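Participant:
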Ligand SMILES: [Zn+2]
């Protein structure tokens, strides 16, 4: 006979997580973890996870919901909130990668903005720092000094300043296009959120 040893604390934790995830999916329907090939939400889906769980903890704390909210608003303006689908969220070369289908140009710019910003935010604890320290361990990832587990932090990390805006250039219909994406505004919000959370 198997005796259940799930503690009440654990049950409470699960319940909180489920409530939190239900609220997230209601606000941001693209966070439902639909099967990326069949587009089906499993029958037994119990809200124990959402797409946002794929985002590294530090980035999620620093800007996860802010990013979802911007994407939702852009999709709603273009009347395509229901069609939008995420198919992968991960870290690559020290930056966020957020892959999706049916995105608009505006959503593409939001993803580009947060991917750039993620390189200036500790992937573990969410600490923002405008002089990026890209620490080369087995791969390159942004760690703050407190979260980097090694004594050689200063010698292997490199420094470059975050830009106030970034420029995306490309070609469309044979015409050269250039778009400027504002960084500073969002960055200031992230720093302010972090300071509020940490009593700064
Ligand atoms: Zn950190």
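In the numbering used here, the protein residues as written are 23 to 222.
Don't be surprised by glycine CBs; every beta carbon is placed ideally from N, CA and C.
Nothing here was measured: the structure is a model prediction, and the numbers come from that model.
1) Starting from residue 216, trace the alpha helix (DSSP H) in both directions and tell me its first and last residue.
2) What is the chain-ordered set of residues for which the beta carbon lies under 5 Å from any non-hydrogen atom of ligand 1?
3) Secondary structure at residue 176, three-state DSSP: helix, strand or coil?
4) Would you report the Cα separation of residue 74 and residue 118, rounded to the nearest angstrom?
5) Buried or exposed, going by whether 16 or more other CB atoms sit within 10 Å of the CB of residue 33?
6) Residue 189 bridges to which residues according to DSSP?
7) For residue 110, which residues in the same chain have their Cβ closer than 6 Å to its Cβ, ignoring the five residues on either side in sequence?
8) DSSP has residue 118 in a bridge; who is on the other side?
9) Using only alpha-carbon positions, find the residue among 202, 51 and 52 that is nearest to residue 135.
10) If you count every other CB in all the chains shown that lies within 10 Å of the CB of residue 139, and 16 or more means buried, which is it?
11) Return the first residue and the last residue of the beta strand (DSSP E) that residue 162 is part of.
12) Quick one: what does DSSP say residue 79 is sitting in, helix, strand or coil?
Facilitator: On the basis of the data shown:
1) Run containing residue 216: 206-219, per the alpha helix (DSSP H) assignment.
2) What you get when you keep residues with a C-beta closer than 5 Å to any heavy atom of ligand 1 is 144, 146, 147, 149, 166 and 169.
3) In the structure shown, residue 176 sits in a helix (DSSP, three-state: H, G or I).
4) Residue 74 and residue 118 have their alpha carbons spaced roughly 12 Å apart.
5) Exposed is the call here.
6) 202.
7) Result list for residue 110: 121, in chain order.
8) Residue 118 pairs with 113.
9) Check the Cα spacing between residue 135 and each of 202, 51 and 52: the tightest is with 202.
10) Buried, because 16 or more other Cβ atoms sit within 10 Å of the Cβ of residue 139.
11) In the DSSP assignment, residue 162 falls within the unbroken beta strand (DSSP E) covering 162-164.
12) If DSSP states are grouped into helix, strand and coil, residue 79 belongs with the helices.
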